[in-house]
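Take a look at the structure below.
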Amino acid sequence: MKPQTLLAGATLGVMGGGQLGRMFVHAAQRMGYSTVVLDPDATSPAGRVSHHHLHADYLDTRNLAELARLADAITTEFENVPADALAQLAAHRPVAPAGEAVAIAQDRAREKAHFTRCGVRCAPYAVIESEEQLALVPDALVPGILKTARLGYDGKGQVRVDGREALVAAWDGLGRVPCVLEQRLALAAECSVVVARGAGGTLVHLPPQRNLHRAGILAVTEVFDGVLPDALAQEAVQATRSIAEGLDYVGVLCVEFFVLQDGTLVVNEMAPRPHNSGHWSLDGSDVSQFELQVRALAGLPLVQPRQHSPAIMLNLLGDLWFRPGADAPVEPDWPAVLALQGMHLHLYGKSEARPGRKMGHLTITGASPVAVRQAALAACDVLGIEPF
Ligand code: ATP
Ligand code: MG
């Protein structure tokens with residue numbers, strides 16, 4: 001379907017109803033669009049705020065047809081949405097990103113092959129789909145991390161392996177599904193870059209973000225001048241550009257990187273959608289990653305976002321609702337957090353807190369990197385988040 005410019009009054013559709021969809025819906029509605037969300041969960045965060053909500057499985061043909069009828073263009077917020085569903089939609093409406101790009105991002109083996117094709121270095125790895133491939137794994141890949149090729153997120157579907165026996169056991173434990181084994185690298189830091197690319201090839205980006213993961217889940221993102229060495233930040237943007245152009249990508253794409261202890265950059269993975277590490281842009285940038293998603297989908301101009309404040313994002317995981325000694329979940333002390341300067345609280349409207357579940361995030365903006373860090377540490381203290 002040929003993209004056209006969609007103006008206010010048109011309806012934008014999104015596959016998936018999680019928090020990313022919710023923030024896309026907010027951005028779309030602010031700019032005058034109607035929205036439709038397809039998600040099987042009747043209480044999904046995005047479905048609850050959208051004009052229309054189709055509760056259906058992602059492959060339900062009747063509801064996909066209804067989505068295509070209601071929406072003038074369709075995007076995705078959920079990276080495991082079946083590529084088939086996107087292909088069905090694309091027969092009727094513009095879909096961005098394209099199903100093919102999403103399919104590559106869904107499969108770690110295809111994703112790594114794409115990075116290599118684009119000249120971007122990834123961790124040494126081997127694809128494991130058979131006993132033969134398992135036996136042929138080079139010694140250099142152990143100690144490593146065995147990851148299912150598909151359907152992993154937030155560190156799920158991953159096992160750290162320290163020897164060959166552990167590797168065999170881990171592959172068994174993962175049900176012998178197709179996997180990649182990656183060499184476990186000594187990381188000095190992690191970072192990510194969010195880009196938006198339009199149908200005509202215009203590409204803009206948010207400044208590179210420094211990320212701290214805990215137990216495989218993003219915990220903290222810091223974005224301000226000097227958070228990463230300049231040359232490294234430029235290299236990360238250039239690598240992300242090559243990866244997006246190599247896919248002829250349309251929409252918002254996030255690429256995550258490792259910084260090794262020798263200061264070199266290695267690509268980790270990509271997400272074909274806005275990303276948790278770009279959430280700060282709602283509060284610290286004149287254009288957010290969700291507005292970029294709306295603009296790219298609607299065929300509106302993409303302009304380079306300008307960060308106006310140093311920013312730090314703290315993820316608010318369900319663990320914060322379980323204070324030591326309490327036998328039931330307790331709402332964190334938001335008034336105490338909001339009494340600090342520069343706090344921007346985002347809660348996703350999820351009814352039940354569970355450990356590891358992303359319930360919301362807190363962006364802290366400030367006049368300087370020192371001020372923003374001080375405020376973030378004060379917020380950590382109030383909330384019981386480990387300081388960083
Ligand atoms: P998400 O989709 O939520 O970003 P995921 O489940 O896809 O996460 P990865 O990004 O593959 O998981 O890994 C999660 C974290 O585990 C990384 O951010 C990094 O901290 C660590 N990690 C992953 N692979 C390696 C590796 N090869 N060497 C060292 N650390 C790694
Ligand atoms: Mg990751």
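For the sequence shown, counting from 1, position 29 maps to 29 in the UniProt record's numbering; every step adds exactly one. Backbone N, C-alpha and C fix where the C-beta goes; we use that ideal spot for every residue, glycine too. Please read all numbers here as calculations on a predicted model, not as lab measurements.
- Each residue's CA atom was taken as its position, placing T5 and C254 some 24 Å apart.
- With a threshold of 7 Å, the Cβ atom of K156 counts as near the ligand ATP, since some heavy atom of the ligand is closer than that.
- Distances from the alpha-carbon of H53 to those of D39, L59, M270, A27 put D39 closest.
- L59 and P387 have their C-alpha atoms some 43 Å from each other.
- Nearest Cα to E352 within the set E331, L20, D84: E331.
- Judged by DSSP in its simplified three-state form, K112 adopts helix.
- L67 is a Cβ neighbour of G13, given a cutoff of 8 Å.
- DSSP, read as helix, strand or coil, puts Q374 in helix.
- DSSP places F290 in no beta strand (DSSP E) but in the uninterrupted alpha helix (DSSP H) bounded by 289-298.
- Per DSSP, S192 is one residue of the beta strand (DSSP E) stretching across 187-197.
- By the 16-neighbour rule on beta-carbons within 10 angstroms, R354 is exposed.
- Remark: the C-beta of H213 is in contact range of the ligand ATP, defined as less than 7 Å to any heavy atom.
- Judged by pairs of C-beta atoms under 8 Å, the region 304-312 does not touch the region 242-258, as fewer than three such pairs exist.
- Comparing alpha carbon positions, the residue from G18, H51, G32, S34 closest to T43 is G18.
- Relative to I217, the option among L187, N268, H92, Y153 whose CA is nearest is Y153.
- The criterion of a C-beta distance shorter than 8 Å is not satisfied by L300 and L362.
- Note that the C-beta distance between Q261 and A188 is below 8 Å.
- With respect to the 8 Å criterion, S285 and T221 are not classified as neighbours on the basis of their beta carbons.
- Counting C-beta atoms within 10 angstroms of its own C-beta, A336 has fewer than 16 neighbours from the protein chains shown and is therefore classed as exposed.
- Rounded to the nearest angstrom, the gap between the Cα atoms of A231 and T61 is 48 Å.
- Linking L345 to M23 through their CA atoms gives a straight-line distance of about 13 Å.
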